[in-house]
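See below for the structure under consideration.
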Amino acid sequence: MGLEGLISPLLQTSRSKRKAIVFSILLLWIVIINLWIHDYKHQHAFKTVTGSIYDTVNNLSFNNNFDNNNKENILDYDTIKYFMKTNNIKDVRSIDSHSSTYDLMLRNHGINSMLKDLPFNERCDLYFKNLFTTDMNWYIDPNKDFQLENRYEYSYELFRNNKLNEVKDAYAKEKGIDSKLVEDRVVEDLVKAKYDAFWKKTMQTEQKMTDYISHVRIFNKCYLTSDNQNEASQAKKLTADQSKMIKSLSEKDLIKDGKRKFKMTAKESLLNTDSFESCTDLESRIYKWLSLSFPIYERFTGEIVLTPPDLSKYVYHPEVFKPTNQKVRDARGKAGKIQSKLTNSKACFLQRFKNKMNGKGIVLSIGDKHVTDTVKLIHLLRALNNKFPIQIVYNGGISEESKSRIVTAARQRFIDLPSSFKKIAHYLPDDYFDDSDHGLPKQEVWFVNVQNVIHDHYKEKFDKFANKFLAALFNSFEEYILVDADTVLLQTPEYFFNLMGYKKRGAYFYKDRTAPEFRPLGDTKFFEKMTPSIIDQAMFNIPIVTSHTLDLSFFDGMGHFMESGLVVIDRNLHFNSILMMMQLNFMNPVTSRVYGDKEIFWLAFAINGDEGFEFNRFHAAAIGVETPMEDRVGLEGKPLKSKEICSAHPGHINGEDGKTLLWFNSGFQFCGQAPDVDYEKEFQFHTRVKFLKSIEEMKIFFKNPIILKHAIIPPFKNKLETLCENTDGEPKEAWFMDKGYCNSYLWCSYSLIGGHTADGGDNTQIGKFIEFDQKSIDLFSYYGDIWVGNE
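Residue numbers are given in numbering that gives the first Met the number 0: position 742 of the sequence shown equals residue 741, and the series is strictly consecutive.
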């Protein structure tokens, strides 16, 4: 029946009846439309939250798209598709999140006019002009209280399971009725509303974080490192290629709006760029926490330098001034002034600092409580014949007495060597002893006071491990090895600078134990969301992350991935990634998802769009001496196939040769917790170190250097296969923490896990057992005696 068929009967009825019928039809139409809107709206919300941790809600009736109407879907742009195809960009990410500033720019100008008409420096200025047009008082607030709620209950199902009874009881109390009388439908609606509010708040928080991180990324790329000749050439090529691409696509009618000319909006034109006298106006908004003053550099002699010192005046070892990547070093600052109307083409403070960095060295971040370990480390560096300068970075936390102890350790004549020296003397180079006093080589030590670098309003943001980021940024070296005070190096510093992985990428990191501790999948999705958007790559040549990052086991849900006791970084390549560490340190949703500083190092690289980092091939190993087989008995007294090492020290085997022990942490004593051990209690267990016959023997053994003969890199496939139940009596997990020893710091590791299973299968996994050669064992013994102070 058509419209005429509906209207004809109406015309044949009385006027009053026609009114009633029309009113009824209108009412029915309104009801149908509302039901359709309700159904469509809720189905739409459901579709956008299915399938992943950010997309996990099934069959729900609420709206999670609080801002989708305002967000541009960059990946839908034809120009972006062509850009990705032309540049062979393979996008393996599961999410793309961009700064809201781009949304304004795209609405004002479209993508094509910006990519076609704007050179790199004008794109930079346009981005920040739009920030000013949005809010003249904008700045990145280090004190912004980003909340992380329901970390373990991001999916609706988990949220519902956790909140259902709570909501039910609260509703019953409000209504003054027994909770058993509350209808399920009412509770479900309340829980859905609560989840909807949580989700909206979370998305708003994460968008604000994306904005902050994007501002930092783009500022650094535009105004700090674009004076690098290599970066400037890449940017020039990027903009030229894009202009050519868009003109070609436009001529072929393959894109819309391709011939549109870029024109400043009225609001953008109102910003008087002549009022920007220097970079300070912009830089101080990005780095509110910075005082824009250099640290104070103090040499061991007491000499004070108020800018990064020229080390060539103090150090004569040629390796200190030999860049790992000469071409990269030569390109630094060679592109000339960074042209910008928002900085008056004046250099930023951080740019000037970057261009003053020089030489290679070793960096520590310490306070008074770390001085004893620092003294032992310096003794060890002398025994390793270290020729690189050492900078001790501190945030107002070292006394003059502590400085004196450190200088004494570095400069005092060191001729009383342990008896273990006799076994290794013939291995040492001709220049092993100092020419002047025939002792171990003296060390070039500097103290770097960063207290004045931090603005007074933000000093509390840097405590505990955050000081390590200050050390990573404000030491004066171009290339450095950053170590913890209790890190034990077993190879010379040159060895680390010469690793092929470091030479290839300019940043070398080490993996943690593969202990079976996991993180919620929402964590990995969150961090992926913080990485660059495809529009960052198109506009500013800041690449999206690839499988190099996303294939790491961290993104598979492993709780611990990086061990940060030693990192090697070339800041000629990675200066901006160090700055990103600082920003991530301010964000609670970041720091609440990681343990201390460990993961922030490499995550800052990835979030900065910098995949120029290499991880050592192996995860951390257990190091020490294999547990005697007679102390380990399998089912029915049968011998076990697996080998075991129990140790308080995660060690790191060189992934490039598969056998060399490079370093470990927690000091050189068998038990780094020796002063806190309850020896009477631990001796009574008698399940480990059974060869110790008395409490006194245990005390001596725990305080002496760990004996290093073997290492086990336990097997690891992936998160889902870390537990291997078996009927052979073999270990089911690669790592086991024995809380009965070393004040709960003893970890046992196994060369094999799994075996025959109850269902007739076999889940055996085999790791790597390493036996060190005699030369290494003797050197380790010597280094241990030096560290502990044995005669």
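Glycine included, each C-beta is placed from N, C-alpha and C at the ideal position. In this text, all values refer to a predicted model and were calculated from it rather than measured experimentally.
query	result
Contact check, Ile295 vs Asn448, beta carbons under 8 Å	yes
Among Asn451, Asn571, Glu173, Gln668, nearest to Asp329 - alpha-carbon criterion	Asn571
Proximity of Ser292 and Asn451 at Cβ, strictly below 8 Å	yes
Cβ distance (whole Å) where Ala792 is taken to contact Phe476 below 8 Å	Shown here, the chain extends from 0 to 790; a query on residue 792 therefore has no answer.
Classification of Asn72 by the beta-carbon crowding that lies within 10 angstroms, buried from 16 upward	exposed
Burial state of Phe690, where buried means 16 or more other Cβ atoms lie within 10 Å	exposed
Rounded separation between Pro649 and Gly564 - CA only	10 Å
Identity of the residues DSSP links to Met557 by a beta bridge	Phe517
Same chain, Cβ closer than 7 Å to Val166, five either side skipped, listed in chain order	Val186, Leu189, Val190, Lys193
Anticipated Cβ contact below 8 Å, Asn789 with Pro417, distance rounded	5 Å
Buried or exposed by the 16-neighbour rule on C-beta atoms within 10 Å, applied to Ala471	buried
Straight-line Cα distance separating Glu459 from Asp569	29 Å
Buried/exposed call for Phe779, threshold 16 Cβ in 10 Å	buried
Cutoff 6 Å; reference Arg512; Cβ partners in own chain excluding five residues on either side	Ala619, Pro649, Trp734
As assigned by DSSP and simplified to three states, the class of Ala330	helix
Pro388 beta carbon less than 8 Å from that of Leu481	no
Where the beta strand (DSSP E) through Glu297 begins and ends	295 to 298
Segment limits, beta strand (DSSP E) that includes Ala537	Here Ala537 belongs to no beta strand (DSSP E); instead the alpha helix (DSSP H) covers 533 to 539.
Span of the beta strand (DSSP E) around Glu643	643 to 646
Environment of His97 [buried if 16+ CB atoms lie within 10 Å]	buried
Beta-carbon gap between Met529 and Ile606 smaller than 8 Å	yes
Cα-Cα separation between Lys40 and Lys199, rounded to whole angstroms	Because the pLDDT at Lys40 is just 35, under 50, the model does not fix this residue reliably, and the value given afterwards should be weighed accordingly. Those two C-alpha atoms are separated by around 16 Å.
Given 8 Å, three or more beta-carbon pairs between the segment 741 to 756 and the segment 641 to 648	yes
CB contact flag (Phe261, Asp462, <8 Å)	no
Where Asp367 sits in the DSSP three-state scheme	helix
Per DSSP, cross-strand counterpart(s) of Gly623	His709
Segment limits, beta strand (DSSP E) that includes Pro649	649 to 652
DSSP beta-bridge partners of Glu478	Lys359, Asp569
Helix, strand or coil at Cys123 [DSSP, three-state]	helix
Identity of the residues DSSP links to Glu613 by a beta bridge	Tyr507
Continuous alpha helix (DSSP H) stretch holding Ile79: start and end	77 to 85
Glu770 - containing alpha helix (DSSP H), residue span	Where Glu770 is concerned, there is no enclosing alpha helix (DSSP H), although the beta strand (DSSP E) it sits in stretches over 767 to 770.
Residue environment, Met263, which counts as buried when at least 16 other CB atoms sit within 10 Å	exposed
8 Å CB neighbourhood of Pro519 in its chain, flanking five on each side removed	Ile52, Arg150, Tyr151, Tyr153, Gly556
As assigned by DSSP and simplified to three states, the class of Gln390	strand
Phe218 vs Ile110 beta-carbon contact at 8 Å	no
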